[in-house]
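Letter by letter, the sequence shown follows residues 1 to 369 in full-length UniProt numbering.
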Amino acid sequence: MNRAENPASIPIDLILEILSRLPSKSVGRFHCVSKLWRSMLSSPYFKDLYLTRSSARPRLLFAVDKVGDELHFYSSPQPQIPYDKSSLVEAADYHTTFPSRRCNYASGLICFSGKCHSRKDAMTLICNPITGKYAELPKVIMCNTSKAFLGFDAVDRQFKILVEHLPYPSARDRRHIILTSGVPKLGWRSNIGCPKYYSYYWSEGICISGDIYYVAHEKNILVIVCFDVRYEEFKVIEAKCFNRKTPTLINCKGKLGGINWESGDSGAIELRMWVLHDVNKKEWSKYVYPFPENDVIKLHEFTVAGMTTRGEFVLSMLDTFKRFYVLYFNAEKNTLRSVEIQGFGENVSSVKVFVDHVEDFNFLKGESS
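So this is what it looks like as structure tokens:
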């Protein structure tokens, strides 16, 4: 180790280059080597270098719900280049476990809203699912149907949590409150400009380019609610194109995409996607992708987990009592590739898949609190 601490022996830049290619848990252990190494690995230069390397090797992140009201987090490599085999097997790496069943994802972190009961405070925390590091947030009263949406503002590099707040268990007047991470006085703030009318949420939230999107529904009206994380402003976008069928929201190369499964005239499965090209003008474009003939996919057995930065749709298996698969669907080439994921263990009730997971040491980088 003395040689490593001597720049004349091994250049520091070379050390950091090597360490930037290691798993995050290994990097965490190297913080204990010496004060010099801790300083190097905590530097903005290394954090940015590691983020660049991690962005080039994104992973699939799995939130595995098992018996006991706990979420177990695993990850596996995400194929980045075409491969010849139509079927692969990947072993999932286990990372950490949290006592919750509801979570929301943004920019590498997870937000939990704990088990909610009327007249009881809910546990809300934000965590790094790889290292297990977490920060418990100020308590807030929530109802059984409340959801916490996690968003990230890349300009100010701040995470914000948007929560539907119910001041009293019997109150009909729901309102939104916001919490910003990393501020001196951490506390919930009311947001006056929230769209109170749309109070029933039918989807998980998704954060894309600094905006949180979710589907809301009331009185037979289906809308997309858009929350600007930086300026804390709401916009409501009519979504008549989905014909009252609640879509799965995905990140389509930096734009919001909404997906529904359909059966074509011939009975073949089609993936139909609407992409929101302009939030202010509320302009949508429709795309229809027929699936290739195969003996693997059935409409009721898979759901769309997301789209990779390379433009492949990732399909996640719903039935956890069989061997678990994710499928990569290339719409342009009309090809379908399957990957079996092993290592989740027993008593799995559901698996939620997050696509293009990238590790960022700028937030919650240490070991479990």
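Glycine residues also receive a C-beta, built at the ideal position from the N, C-alpha and C atoms.
Bear in mind the structure is a predicted one, so any value in this text is a computation, not a measurement.
- The C-alpha of Val314 lies about 43 Å from the C-alpha of Lys35.
- For Phe30, the three-state secondary structure derived from DSSP is helix.
- In the DSSP assignment, Trp37 falls within the alpha helix (DSSP H) that extends over 35-41.
- With a threshold of 16 other beta carbon atoms within 10 Å, Tyr328 meets it and is buried.
- Assignment of beta-bridge partners to Lys281 by DSSP yields no partner.
- For Arg53 and Ser20, the gap between their C-alpha atoms comes out near 7 Å.
- By the CB criterion at 9 Å, Gly345 and His72 fall inside the cutoff.
- The C-beta distance from Phe149 to Asn104 rounds to 6 Å, short enough to fall under 8 Å.
- Taking a cut-off of 8 Å on C-beta distances, the stretch 47-62 touches the stretch 347-359, as three or more cross pairs fall below it.
- In its chain, beyond the 5 residues on either side, Cys103, Cys127, Pro129 have a beta carbon closer than 6 Å to the beta carbon of Ile110.
- Following the DSSP letters along the chain, one finds Pro44 inside the alpha helix (DSSP H) bounded by residues 44-55.
- DSSP lists Tyr105, Cys127 as the bridge partner or partners of Ile110.
- Here Ser203 is near Pro247, since their CB atoms are less than 9 Å apart.
- As the crow flies, the alpha-carbon of Val339 is around 14 Å from that of Lys322.
- For Glu204, there is no enclosing beta strand (DSSP E), since its DSSP letter is neither H nor E.
- Excluding five sequence positions before and after Cys252, the CB atoms of its chain that fall closer than 6 Å to its own CB belong to Val275, Met307, given in chain order.
- Burial state of Ser39 is exposed, judged by a 10 Å Cβ sphere holding fewer than 16 other Cβ atoms.
- By the 16-neighbour rule on beta-carbons within 10 angstroms, Gly151 is buried.
- With fewer than 16 other beta carbons inside 10 angstroms of its own, Ser42 counts as exposed.
- In the three-state reduction of the DSSP assignment, Lys25 falls in the helix class.
- The beta-carbon separation of Lys160 and Leu179, rounded to 7 Å, stays under the 8 Å limit for a contact.
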